[in-house]
Every structure is written in structure tokens, then in C-alpha cells.
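Numbering (the working numbering), first residue to last: 3 to 148. Built from N, CA and C at the ideal position, the CB exists for glycine as well. These numbers were taken from a predicted model, which means no experiment stands behind them.
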């Protein structure tokens, strides 16, 4: 019996060198979907990024502060240039977030572990952004920037 052909992915991870440079050069990281609840992964990862010296800008529609940082309801509300848009939202929301990342002039779109959106990847890379998907930014930082 013939096997069913696998659908080919149209995306690929950037090289370790590209990701290392991105993480080394970045200063401002917007965390979209950052939770005010300390038990959530988005909160924990934001805390780790702050510990590593990044300026973290949580994006949440309701919270006012997270990790003693002011919270922005939308990427467009952030008053400083954003280097990396780190996403903790379901894949169905990723294309709109990618469009917003492009609109604010971000350098990279980073979809956390478990999040893959080929449409978001296409939007980001078609506009010159580095796009990382299905990887935890904190784990990658630990592995590449020891």
C-alpha cells in the first residue's frame, strides 16, 4: 500500500549564528500574551529575559503592570523600538501579530515552543524579519549564549 505523501513545510529555522546574533544584539523584547500570573510560562520566560538584561515590554489587553514593567495593550502602543516580538498566543493569532510586528518595525518575530504558523512566517520573512517558530526563547538563549 503506498504511503500518503507528507505536506512539505515552507519554513525553516534561522541558523544558530543568526539567532545568536539576534539575541546578542537585541535590547527590547515585546512579550505578546504575557500573563500577570506567576504560574504561567509567559510570565516565567519574561522574568528570565529581564534577568538576562533585556528590556521586556509585556503586551496584555487588561493588566497594568507585569514584573514591575508597564504593560501595553497592543504592540502599536509601545513607545520604543522593538527588536523581538516574542509570542505566547495560539497560532491562529500569529498572522495578525506578524503584521503588527512588521508595522512597528520589529527585527524579529519569535513564536514560542508549540506555536507554528506558516502564514505568520511568510508575512514576517517577506518583510525582512527574522522568524523563529516552535522554540522557547529562554532555552535557546541558554543553549546559544552560555
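- The C-beta separation of residue 92 from residue 99 comes to about 10 Å, leaving the pair out of contact by the 8 Å criterion.
- Between residue 86 and residue 105 a beta carbon distance of about 15 Å is seen, past the 8 Å cut, so the two are scored as non-contacting.
- Counting along the chain, the unbroken alpha helix (DSSP H) around residue 20 starts and ends at 18–27.
- Residue 135 and residue 48 have their C-alpha atoms spaced approximately 17 Å apart.
- Contact between residue 113 and residue 96 holds, with the beta-carbon distance rounding to 6 Å and staying under 8 Å.
- Three or more Cβ pairs closer than 8 Å define a contact, and the stretch 59–73 meets that threshold against the stretch 34–42.
- Under DSSP, residue 100 forms no beta bridge with any residue.
- Annotation: the stretch 71–140 contains the following complete segments of the alpha helix (DSSP H) (minimum length 4 residues), in chain order: 96–105 and 120–128.
- Ranked by how close their Cα comes to the Cα of residue 12, the residues 29, 75, 30 and 120 have 120 in first place.
- In the DSSP assignment, no residue is bridged to residue 41.
- Per DSSP, residue 52 has no beta-bridge partner at all.
- Apart from the 5 residues on each side of it in sequence, residue 117 sits with its Cβ closer than 6 Å to the Cβ of 93 in its chain, given in chain order.
- In this structure, the straight-line span from the alpha carbon of residue 53 to that of residue 125 is close to 31 Å.
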